Amino acid sequence: MIKIIQNSTRITRRLTKITTTTRTTTNSGISLSRSNNNSNGVYVSSFSSNTVGLNNNNINKRFYSTSDSTTTTTEPNECILERLTGQDEGISVISFNRGQVKNALGKNMMKQFRQHLNELRFCPTTRVVIIKSMVEGVFCSGADLKERAQMTPIEAAQFVHSLRTSFTELETLQMPTIGCVEGVALGGGTEIMLAMDFRVASKSAKMGLPETGLAIIPGAGGTQRLPRLIGIPRAKELIYTGAIIDSKRAFEIGLIQYETEKGEAFAKCLEIARQIIPKGPVAIRMAKQAIDKGMNVDIASGMVIEQASYAQVIPTKDRIEGLTAFKEKRKPVYKGE
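Using this note's numbering, read the sequence shown as starting at 151 and increasing by one per residue.
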């Protein structure tokens with residue numbers, strides 16, 4: 151929250167801490183919007199020209215604040231969101247960038263991850279999301295155990311809950327998601343993969359849920375998503391033994407859909423995404439909804455879900471465009487309308 155101190159002679163603005171009352175904030179004319187050039191969740195706040203009680207000489211001054219802090223942010227970019235352009239317009243890429251700890255899941259990185267997911271959830275132009283690493287040889291090494299060791303039992307439980315919630319938010323994004331794995335993806339790294347629609351791994355990848363070796367269990371969805379994906383017996387084997395498997399074995403048991411040569415996983419992800427983005431965006435969203443929701447109910451209930459999802463595409467302009475393009479023997483241009 152940004153706060154403002156006003157007195158009769160001057161207005162003091164400080165970057166580090168600014169105080170106000172709820173009434174002043176509500177009526178001050180401050181506009182708050184995310185900076186397009188900042189991936190730290192930093193917001194830019196500026197005074198509008200009709201701000202009550204402000205000196206006009208100070209109207210255009212700006213200050214920066216994180217969305218949930220009263221101090222200037224110095225947080226590093228540990229999770230970066232990029233929207234591709236050109237032929238790849240419609241593809242958004244989230245990259246983990248915490249190399250000093252092999253992309254271990256820490257508070258700051260997960261905070262930025264959740265901010266990006268929230269942006270994408272309401273982004274009308276994003277049609278596919280790819281999640282990858284900027285750190286060579288590692289996708290995500292799992293929990294930040296050094297950070298976790300400093301937490302109280304309650305804090306640890308809260309953080310694991312936040313991981314579980316974040317991965318569910320990833321899973322429930324309306325657009326397709328693709329995991330790009332080069333190198334190690336252990337514990338929470340594997341659980342992130344499980345929450346995505348597609349998983350692509352290079353021959354350098356190592357995956358597994360080794361939590362039982364630390365006298366805990368996978369706590370961010372691993373015990374639920376893994377058996378649904380590869381079957382109960384194989385999931386129990388991987389979780390009970392804490393086995394770490396390579397990309398070949400992961401492909402054999404259905405943990406990943408594609409195996410590539412080292413360094414080529416992202417190219418494969420782009421290839422998949424490029425096949426999706428020309429398709430009708432509403433149709434893709436409804437197909438994902440029908441499949442994901444239908445898999446958690448009996449088939450009769452699933453048919454009802456399919457019917458309801460199909461009904462959403464009938465009144466769209468894109469459906470008419472598809473029929474018109476077919477008649478005119480041209481490629482359709484879908485706008486998600």
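From the three backbone atoms N, C-alpha and C, an ideal C-beta is built for every residue, glycine too.
Being a predicted model, the structure only gives us computed values, none of them experimental.
- Shown here for Phe-348: same chain residues with a beta carbon closer than 8 Å to its own, the five before and five after excluded, namely Pro-326, Thr-327, Ile-328, Gly-329, Gln-407, Tyr-408, Cys-419 and Ile-422 in chain order.
- For Ile-382, there is no enclosing beta strand (DSSP E); the enclosing alpha helix (DSSP H) covers residues 382 to 391.
- A residue is called buried once 16 or more other Cβ atoms fall within 10 Å of its Cβ, and Ser-352 is buried on that count.
- Residue range 303 to 321 is occupied by the alpha helix (DSSP H) that includes Leu-313.
- Note that the region 451 to 468 touches the region 432 to 439; at least 3 beta-carbon pairs, one per stretch, sit closer than 8 Å.
- Separation of the CB atoms of Tyr-390 and Pro-431 is rounded to 42 Å, and the pair is thereby denied contact status at 8 Å.
- Judged by pairs of C-beta atoms under 8 Å, the region 287 to 298 touches the region 332 to 350, as three or more such pairs exist.
- Under the three-state reduction of DSSP, Arg-277 is assigned to coil, being neither helix nor strand.
- Ranked by Cα distance from Leu-323, the first of Leu-270, Met-259 and Phe-401 is Leu-270.
- DSSP lists Ile-230 and Lys-282 as the bridge partner or partners of Ser-245.
- Listed in chain order, the non-local C-beta contacts of Leu-359 below 8 Å within the same chain comprise Leu-336, Gly-337, Thr-340, Glu-341, Pro-368, Gly-372, Leu-376, Leu-388, Ile-389 and Gly-392, local neighbours out to five positions each way being set aside.
- Residue pairing by DSSP places Ser-352 opposite Thr-410 in a beta bridge.
- Here Leu-344 has Gly-371, Gly-372, Arg-375, Leu-376 and Leu-379 as same chain residues with Cβ atoms under 7 Å from its own Cβ, once five neighbours each way along the sequence are excluded.
- Every unbroken stretch of the alpha helix (DSSP H) spanning 4 or more residues and falling wholly within the region 418 to 485 is given here in chain order: 431 to 444, 449 to 463 and 467 to 478.
- Counting along the chain, Gly-338 sits inside the alpha helix (DSSP H) bounded by residues 338 to 344.
- CA-CA distance, Ile-403 to Glu-232, rounds to 32 Å.
- Judged by DSSP in its simplified three-state form, Phe-401 adopts helix.
- Residue range 257 to 271 is occupied by the alpha helix (DSSP H) that includes Phe-263.
- When the five nearest sequence neighbours on each side are left out, the beta carbons in the same chain lying within less than 7 Å of the beta carbon of Glu-411 are those of Ser-352 and Lys-353, in order along the chain.
- Taking the C-beta atoms as reference points, Gly-333 is found nearer than 8 Å to Ala-355.
- Ranked by Cα distance from Asp-238, the first of Val-279, Ile-449, Leu-405 and Arg-399 is Val-279.
- When the alpha-carbon of Arg-469 is set against those of Ala-433, Thr-224 and Lys-398, the nearest one is in Ala-433.
- The three-state secondary structure of Ala-293, taken from DSSP, is strand.
- In the structure shown, the three-state DSSP call for Gly-236 is helix.
- Cβ-Cβ separation between Glu-305 and Asn-258: approximately 15 Å, too far for a contact (criterion under 8 Å).
- Gly-486 has its alpha-carbon roughly 36 Å from the corresponding atom of Glu-286.
- Gln-462 and Pro-482 have their C-alpha atoms some 19 Å from each other.
- In the DSSP assignment, Val-331 falls within the beta strand (DSSP E) that extends over 327 to 331.
- In the three-state reduction of the DSSP assignment, Gly-358 falls in the strand class.
- Going by DSSP, Ile-395 is part of the beta strand (DSSP E) stretching over 394 to 396.
- Here Ala-335 carries a strand assignment [DSSP, helix/strand/coil].
- The beta carbon of Glu-319 is closer than 6 Å to those of Leu-267 in its chain, skipping five residues each way along the sequence.
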